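S.K.: Submitted below is the structure of interest, expressed as C-alpha cells.
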Amino acid sequence: MIKFPDDFAWGAATSGPQSEGNFHKPNQNVFDYWFEKKPDDFYDGVGPDEASNFYNDYQKDIPLMAKAGIKALRTSIQWTRLIKNLDTGEVDPDGAEFYNNVINCLIENGIEPYINLFHFDLPVQLYQEFGGWESKHVTDLFADYAEKCFELFGDRVKNWFTFNEPKVILDGEYLYQFHYPLKVDGPASVQVAYNLNLASAKAIKRFRAWKAANNSDAKIGTILNLTPAYPASNDPEDVKAAKFATMWDDNMFLDPAVLGHFPEELVQILDNAGVLFQSTPEELKLIADNTVDVLGVNFYHPERVKRPSVSPKSLQDWMPDIYFDNYEMPGRVMNVDKGWEIYPQTLYDIAINIRDNYKNIPWFVSENGMGVSREERFMKDGVIQDDYRINFIHDHLVQLHKGIEAGSNCHGYFVWTAIDCWSWKNAYRNRYGLIRDDIHTQTKTLKKSGHWYAKVSSDNGF
38 MIKFPDDFAW GAATSGPQSE GNFHKPNQNV FDYWFEKKPD DFYDGVGPDE ASNFYNDYQK
98 DIPLMAKAGI KALRTSIQWT RLIKNLDTGE VDPDGAEFYN NVINCLIENG IEPYINLFHF
158 DLPVQLYQEF GGWESKHVTD LFADYAEKCF ELFGDRVKNW FTFNEPKVIL DGEYLYQFHY
218 PLKVDGPASV QVAYNLNLAS AKAIKRFRAW KAANNSDAKI GTILNLTPAY PASNDPEDVK
278 AAKFATMWDD NMFLDPAVLG HFPEELVQIL DNAGVLFQST PEELKLIADN TVDVLGVNFY
338 HPERVKRPSV SPKSLQDWMP DIYFDNYEMP GRVMNVDKGW EIYPQTLYDI AINIRDNYKN
398 IPWFVSENGM GVSREERFMK DGVIQDDYRI NFIHDHLVQL HKGIEAGSNC HGYFVWTAID
458 CWSWKNAYRN RYGLIRDDIH TQTKTLKKSG HWYAKVSSDN GF
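Residues 38 to 499 in my numbering are what the sequence shown lists, from first letter to last.
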C-alpha cells in the first residue's frame with residue numbers, strides 16, 4: 038500500500054468566481070462584464086451569474102465536500118464581493134459576512150480553509166480606469182485589498198495565497214484571447230508578468246507586517262501552474278526551444294516567488310528583443326525580500342516543444358512563442374475532451390525540480406484533475422461512474438508519492454475540483470468535480486470518484 042506522510046493534506050480546490058455566482062456583489066469583474074456584453078462568447082450562453090450557487094448553498098455544499106474526504110478546501114475571495122469602494126478599499130459588510138460564514142462553516146465541518154486572493158477575476162473598473170495589471174497603481178490597490186483580508190479573516194485562516202496561475206492572465210488576456218480584454222500584445226504581457234510578481238511581493242510584505250503585529254503562525258504562498266517543457270528531440274535547437282519555453286511559462290513566476298529574482302537568461306533575451314519590463318531597484322529589492330513560505334503547484338499536462346519553424350530573428354511582432362513551436366508527440370495519451378496530454382510522470386519531475394533547484398521549499402499540489410464533457414453518458418443508478426477520473430488521480434498520486442520518497446517536500450494534494458464548477462468561457466462544457474452539479478436544479482450528488490477519494494483521504498493512501 039502507498040502511504041503518504043502523516044501531515045499530508047487531502048483537499049480540493051475551487052474559486053469564488055467559479056462557484057459562488059454573481060449574487061449581491063457591489064462590483065463586477067472582467068468575466069461578469071464580458072458575459073453581460075457578449076453572452077454568446079460563452080459555451081451554451083452560460084455565464085457566471087449563478088455558477089454552482091455556492092453563495093446560497095454553502096451550508097449544504099460544505100458537509101457534502103466533507104463526505105467526499107475533503108479535509109482542506111482552497112477557494113478564493115472575490116475582490117469584487119469583499120470591497121465596496123475599489124479606490125479606498127472600503128469593505129462591503131455583506132461580503133465580509135459571507136466570507137466569515139464560509140470560513141466558519143468549513144472549520145465546523147473539519148475542513149481547513151486555504152484562501153487565495155486572486156483567481157483571474159480583476160474588477161473591471163480597474164481595467165477601465167487604469168489598464169488593469171498593466172498599471173503599477175493596481176498592484177498597490179491589490180496590496181490594500183490583501184491587507185483587508187488578513188485583518189478580517191486572519192484569526193482563522195492559516196494558509197494564504199496571493200495569486201492563482203498568474204501565467205494564465207498573460208495567456209488569456211494578452212496573448213491568445215481566451216480571457217477579457219482579449220488582447221494580442223506580447224510586449225504588454227511582459228510588463229504584466231512583472232507587475233503580477235510585484236503585486237504578489239507587495240501583498241506578502243503587508244502579510245508579514247500583519248503577522249508580526251498579531252503574533253500569527255500563518256503562512257503565505259502563491260499558486261503556479263507548472264508545465265515543464267520537454268524537447269521533441271535531443272537536437273540542440275529543440276533543447277534550446279524547451280529551455281526558453283520553461284523559463285517563460287514556469288520560471289518567470291517560480292524564480293521571483295521562491296528565489297527572489299527573475300531568470301537572468303530570460304531577462305537577457307527580453308532585453309535583447311527590446312521588450313524587457315520597466316522596473317526600479319527599489320521594486321526588485323521588494324521582490325527579493327518578500328519570497329513565499331509555501332508553493333502551490335497546479336498540474337494538468339506537460340508541454341512539448343521543438344525548434345521554431347520560422348527563426349525568431351525574422352521581422353515579426355514579438356510574442357513569446359516565436360522561440361518555439363508546439364510539438365505533438367505521436368502515441369501520446371490524451372484527455373480528448375480538453376485537448377490535453379495525460380503524462381503523470383511530469384509530477385515527479387516537478388517534485389525533483391523543486392527539491393533540487395528551489396530550496397526544497399514546502400509545497401503541495403494545489404490543482405490536479407480531469408475535465409470530461411457529457412458525463413451523463415457515464416450515469417448508472419443515479420451515480421456518475423467516473424473511473425477515468427479515479428485512474429487519472431491515482432496515476433498522478435503514484436508519481437507524486439515517488440517524488441516524496443525521493444525527498445521532495447510535498448505536503449498535500451488538492452483535486453480540481455470539489456463540485457462541478459463554471460469554467461470561464463467554457464462554462465460547464467467539461468466537468469471536473471468529485472461531486473456532480475445538475476446546474477438546472479442545483480442538485481449535487483457524489484460521483485464514484487467522490488466515494489473513492491473519501492477512502493483515500495481516510496486511509497492516507499491506497
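Note that the Cβ used here is the ideal one computed from N, Cα and C, for glycine as well. Remember, predicted model here, so these are calculated numbers, not experimental data.
Between G126, I140, H216, which lies nearest to D512 when the distance is taken from Cα to Cα?
M.R.: A query on residue 512 cannot be resolved here, the shown segment of the chain reaching from 38 to 499 and no further.
S.K.: Tell me T482's beta-bridge partners as DSSP assigns them.
M.R.: Its beta-bridge partners are R473.
S.K.: May I ask you to verify whether the segment 66 to 85 touches the segment 428 to 447, counting CB pairs closer than 8 Å and requiring at least 3?
M.R.: Touching, no.
S.K.: With distances taken between CB atoms, is the gap from V312 to I391 smaller than 9 Å?
M.R.: No; because the gap between Cβ atoms is not below 9 Å, this pair is not in contact.
S.K.: Taking the beta carbon of M102 as the centre, do at least 16 other beta carbons fall within 10 Å, making it buried, or is it exposed?
M.R.: Flag for M102 reads buried.
S.K.: Taking the alpha-carbon positions, what's the V205 to I114 distance?
M.R.: About 18 Å.
S.K.: With DSSP as the reference, label V435 as helix, strand or coil.
M.R.: In the structure shown, V435 sits in a helix (DSSP, three-state: H, G or I).
S.K.: F200 and A236: beta carbons closer than 9 Å?
M.R.: Contact: yes.
S.K.: Grab the span of the beta strand (DSSP E) containing S113 for me, first residue to last.
M.R.: Looking at the DSSP string, the run of the beta strand (DSSP E) that includes S113 is 109 to 113.
S.K.: Using only CA atoms, which one of A230, S346, N146 lies nearest to Y24?
M.R.: Outside the shown range of the chain (38 to 499) lies residue 24, about which nothing can therefore be said.
S.K.: What separation, rounded to the nearest whole angstrom, lies between the Cα atoms of A240 and E412?
M.R.: So the alpha carbons of these two residues sit roughly 40 Å apart.
S.K.: Which residue marks the beginning of the alpha helix (DSSP H) containing Y182, and which one marks its end?
M.R.: Unbroken alpha helix (DSSP H) run through Y182: 173 to 190.
S.K.: In chain order, what are the residue ranges of uninterrupted beta strand (DSSP E) at least 3 long that sit wholly in the segment 256 to 341?
M.R.: Those beta strand (DSSP E) runs which fall completely within the segment 256 to 341 and span 3+ residues are 256 to 262, 266 to 268, 331 to 335.
S.K.: Whole angstroms is fine: what's the gap from W400's alpha carbon to Q165's?
M.R.: Between W400 and Q165, the C-alpha separation is close to 36 Å.
S.K.: Taking the alpha helix (DSSP H) that V139 falls in, what are its first and last residues?
M.R.: It spans 130 to 145 - the alpha helix (DSSP H) in which V139 sits, taken as one unbroken run.
S.K.: Measuring only the C-alpha atoms, how far is L471 from E320?
M.R.: Their backbone Cα atoms lie some 42 Å apart in a straight line.
S.K.: Specify, as a first and last residue, the run of the alpha helix (DSSP H) that G376 falls within.
M.R.: Per DSSP, G376 belongs to no alpha helix (DSSP H) and is neither H nor E.
S.K.: Answer with buried or exposed for N232, where buried requires no fewer than 16 other C-beta atoms within 10 angstroms of its C-beta.
M.R.: Buried, because 16 or more other Cβ atoms sit within 10 Å of the Cβ of N232.
S.K.: In angstroms with no decimal places, state the Cα-to-Cα distance between K248 and A255.
M.R.: Cα-Cα distance, rounded: 7 Å.
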